[in-house]
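To start, the structure itself, in structure tokens.
There are 2 protein chains.
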Amino acid sequence: MRLVIVGGSDAGISAALRARELSPDIEVSVVLADRYPNFSICGIPYHVSGEVPDWRALAHRSTADLAATGIRLITDTTVTAIDPAGRRITATPRDAGPATHLGYNRLIVGTGAVPQQPPIAGLDSLGPADGVHVLHTMGDTFALTDTLTARAAETAVIIGAGYIGLEMAEALTHRGLSVTVLERLDQVLPRTLDPELADLVAVELRRNGVRVHCGAAVDSVGHDPDSLTVTASGARHRADLVLVVTGVQPDTGLLAAAGARLGIAGSIAVDEAMRTTLPDIYAAGDCVHTHHRLLPEPAYLPLGTTAHKQGRVAGENAAGGRARFAGSLGTQVVRVFGLVAAATGLRDTDATAAGFEALTVAAVADDRKAYYPGASPIHMRLTGDRDSGRLLGAQLVGRIDAHVAKRIDILATAITYRAAVADLDTLDLSYTPPLGSPYDAVQQAAQAWMTAAGRR
Amino acid sequence: MRLVIVGGSDAGISAALRARELSPDIEVSVVLADRYPNFSICGIPYHVSGEVPDWRALAHRSTADLAATGIRLITDTTVTAIDPAGRRITATPRDAGPATHLGYNRLIVGTGAVPQQPPIAGLDSLGPADGVHVLHTMGDTFALTDTLTARAAETAVIIGAGYIGLEMAEALTHRGLSVTVLERLDQVLPRTLDPELADLVAVELRRNGVRVHCGAAVDSVGHDPDSLTVTASGARHRADLVLVVTGVQPDTGLLAAAGARLGIAGSIAVDEAMRTTLPDIYAAGDCVHTHHRLLPEPAYLPLGTTAHKQGRVAGENAAGGRARFAGSLGTQVVRVFGLVAAATGLRDTDATAAGFEALTVAAVADDRKAYYPGASPIHMRLTGDRDSGRLLGAQLVGRIDAHVAKRIDILATAITYRAAVADLDTLDLSYTPPLGSPYDAVQQAAQAWMTAAGRR
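If you read the sequences in order, they're chains P and C. In case it helps, the numbering used here puts the first sequence at residues 1 to 456. In case it helps, the numbering used here puts the second sequence at residues 457 to 912.
Have a look at this one:
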């Protein structure tokens, strides 16, 4: 049995490993456009910052590790066509070798996503050579670090205040650059947090010297002899480096051309087994739509955690298994200097749109007993269904030692099991004064929600 | 309606607050033996260490806060008898005033626990004046800090390596004392961890200068003109201070004398509503047995978190409500110098005794991506039921910045919802390289368990 996988990032490699693990007889080939399989793309900001000096450390597994599992890696090769009827793909090596055909019994597509190109005048004609960057691949990373070292960039403008934008604001500040973040919407982390909590993150950015401009729609990017210029909402920002990180879109050209049905936001439609609508072709990761545990319709939720899980399901099924992707809650966490912001499940507007009687309640509770040195407040927002009392979503912002990431995971676990907000109060959570309270912060948030809902 | 509560710690005050909250018309009196209502007993080690210099800071709420809720506090008063037929108690003020009677419509007993007095020769005749201490009340705390300051103690022997023993080993080391811990059983934290993980905690204690002797049964405690002497398993240890922390037993004399049925370990038997077998008398906290979510029979699990929840249930029901105590998992966490150890649910032997086909599997995974600076291993043991695949318990040990406490809470939440170990793998947990992995450490432990169980 020949299994061919297109894409060597989280989804593709997870699929390959799982197929090999289950059936060592399957011949697994992974075709990837560059020579960096299984890299931790989420780790790029920490290499750029200098915290992870050697980029090779970002590999989840080395090429040798992967080869040792018996996976055949076909690097620097772009797949340009899928022939579903002929069960073969067309692959073109980067260094101008001839296109070849590769036959398969099963195909898994994990092409991921590509950076969105926002409609900004001048952006089309500028690139890394000018100091204008995107950041999605190791190639992008090398181009960026080249600009940083070769051009000795001192100032940067980041367009987009999503989590990558903010991680890069920290990374470049850490490297000594003066950083400005421009966000079209009126808050940072618009896809993750409600404005009340996003404001705390903006304060933390400014406290660390980052200039943050929200509601700043970028009109144009250009350059004069000395520097790049970014015009946003009438204001002009100069920089040696411009980073465009306004989100991603699924990379679906290959499957779309082959006739696969598309889902939301142009992503590939798949079922729970990660099957596309084409015979013997699976897809997984940032190129597909994702089942959300709380929503009736799939959503576009490109996240590394999800890509790993979907890839594993695709690999298992391509190898003859019967795995099902259990679904996502869109759980996210981002560290921004000394703060951590995390969210899971639905926010108020999403919940309302999904037909829930959403009620969102704010609460603040200390991460540990107030008397213990270093106690700091965790700012929380809990969303629940007023009718059923069910927990639907949560957002937390707190200091880095306030264990916010794992606290959101407690809530994600509760949502997975369809917990009522009232149930949180009765969970037997751990307590010691340096690390918590008799009722943990998340339980105190639940109590606040219950009171506001008139259920306590 | 007159509600009288005996005991002013977690259970008693939680009950009083809940009753007042629901029915401001209820007259609530709390009778307590000392003058320190609502103190955070779990915080005592951090006052002794000097981290929380002012003991008053250990109060969850001040006496004024409590009085403002309308609760009547009767301090320094010991309740010596309950007359269930006459619905009144006998209360004796500490300063030799006459005993008085106090009538009630409903009574809640939250007398807590008292330190176990181990059968050690010489212990009966020694006390705080000799430098021999127990540690369970604020009075005990003051006596101990007196010994530390007035006698300028330089060396301490701690008898018992449970969590209070280890917290006090750290606290006294922090104060500059040379500390020896003697434990009768052959590991530290015998009621919390399996030996493999307990050994890591012992190493951390020794790394910080604490002498740890396990399998050291103390035969006698005595004193000569210069110091106290503790003889254990033939060895003789000298110290200026001896702290006996070998566990607690429920303080049930009052209810037992009144005819209440006793449960396991001599604790008070209560139902889910926290009713004793006596009419209109409730009990809660360290003096009662506790429903364990995984066990058919109640257990004795004296923990502050449980006391808060049980007290609240008792208070609600005494005020005419219909609350039920949801049950405990025995979740615990303790910080020992730079390590945190946490556990929830059943260990292998408990699970086997309860009729499960217990399988316990060890795993080690980093707290964050290995490439991110500061990554450290979390040592884990997961117990599950081989037949059903159900998760039954977990133990974690890791560095203080490895977020072990909240990771055990993820597992406690999963156990509450009767999760299968396999489910953990599909949870949508948060991920960013500085704080986790695409599959979190607890998910990697679940994968190891599944592999060992032949289910993966």
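We put the CB at the ideal spot given by N, CA and C, even for glycine.
The three-state reading of DSSP puts R381/P in strand, counting E and B together. Under the 10 Å beta carbon count, D226/P is surrounded by fewer than 16 other beta carbons and is classified as exposed.
By the CB criterion at 7 Å, P889/C and G43/P fall inside the cutoff. Taking C-beta atoms as the reference points, T155/P and A216/P fail to come closer than 7 Å. Note that the C-beta distance between L885/C and G849/C is not below 7 Å. Under a criterion of Cβ atoms nearer than 9 Å, no residue of chain C is adjacent to Y300/P; the nearest Cβ is some 15 Å distant. Rounded to the nearest angstrom, the gap between the Cα atoms of G315/P and G12/P is 8 Å. The alpha carbon of V397/P has as its nearest neighbour, out of A448/P, F337/P, S437/P and T352/P, the alpha carbon of F337/P.
Within 10 angstroms of the beta-carbon of Q766/C lie 16 or more other beta-carbons, which makes it buried.
When Cβ-Cβ separations below 7 Å define contact, R663/C makes no contact with chain P. In the DSSP assignment, H503/C falls within the alpha helix (DSSP H) that extends over I500 to V504.
Interface residue (Cβ-Cβ distance to chain P less than 7 Å): I461/C is not classified as such. Closer than 7 Å to the CB of V726/C there is not a single CB belonging to chain P. The Cβ-Cβ distance between D385/P and P377/P does not fall below 7 Å. Following the DSSP letters along the chain, one finds T534/C inside the beta strand (DSSP E) bounded by residues T533 to D539.
For the set S40/P, L391/P, L107/P and H237/P, the Cα lying nearest the Cα of A412/P is the one of L391/P.
The beta carbons of A471/C and A729/C sit about 12 Å from each other, so the pair does not count as a contact at 8 Å. Residue pairing for A113/P: DSSP places it in a beta bridge opposite P250/P. One thing to note: L66/P has its Cβ no nearer than 7 Å to the Cβ of V4/P. The DSSP assignment places 760-774 as complete runs of the alpha helix (DSSP H) inside the region 710-785 of chain C, in order along the chain (cut-off: 4 residues).
Around the beta carbon of D642/C, fewer than 16 other beta carbons sit within 10 angstroms, so the residue counts as exposed. Contact annotation for C42/P against chain C: K825, Y887, T888, P889 and P894 [CB-CB distance below 9 Å, chain order]. The three-state reading of DSSP puts S470/C in helix, counting H, G and I together. Under DSSP, L529/C forms a beta bridge with V486/C.
Under the Cβ distance rule, D409/P counts among the residues neighbouring chain C, one pair being separated by less than 7 Å.
Our two residues, D650/C and V817/C, have alpha carbons roughly 11 Å apart in a direct line.
Between the alpha carbons of V701/C and I620/C lies a distance of about 7 Å.
For Q851/C, the secondary structure class from DSSP, reduced to helix, strand or coil, is strand. Under the rule that a run must span 4 or more residues, the alpha helix (DSSP H) segments found entirely inside the region 782-813 of chain C read 804-809.
Per the coordinates, the alpha-carbon of T597/C lies some 25 Å from the alpha-carbon of L710/C.
In this structure G259/P is exposed. Its beta-carbon is surrounded by fewer than 16 other beta-carbon atoms within 10 angstroms. Its chain contains L815 and V817 as the residues whose beta carbon lies nearer than 8 Å to that of A908/C, once the 5 sequence neighbours on both sides are disregarded; these appear in chain order.
Between P250/P and S267/P, the gap from beta carbon to beta carbon is short of 7 Å. Residues are counted here when their Cβ sits less than 9 Å from a Cβ of chain P; for the region 841-859 of chain C these are I856, D857 and H859, given in chain order. For L459/C, the enclosing beta strand (DSSP E) stretches over residues R458 to V462. Residue-level contact by beta carbon fails for Y104/P and chain C, as no gap is shorter than 7 Å.
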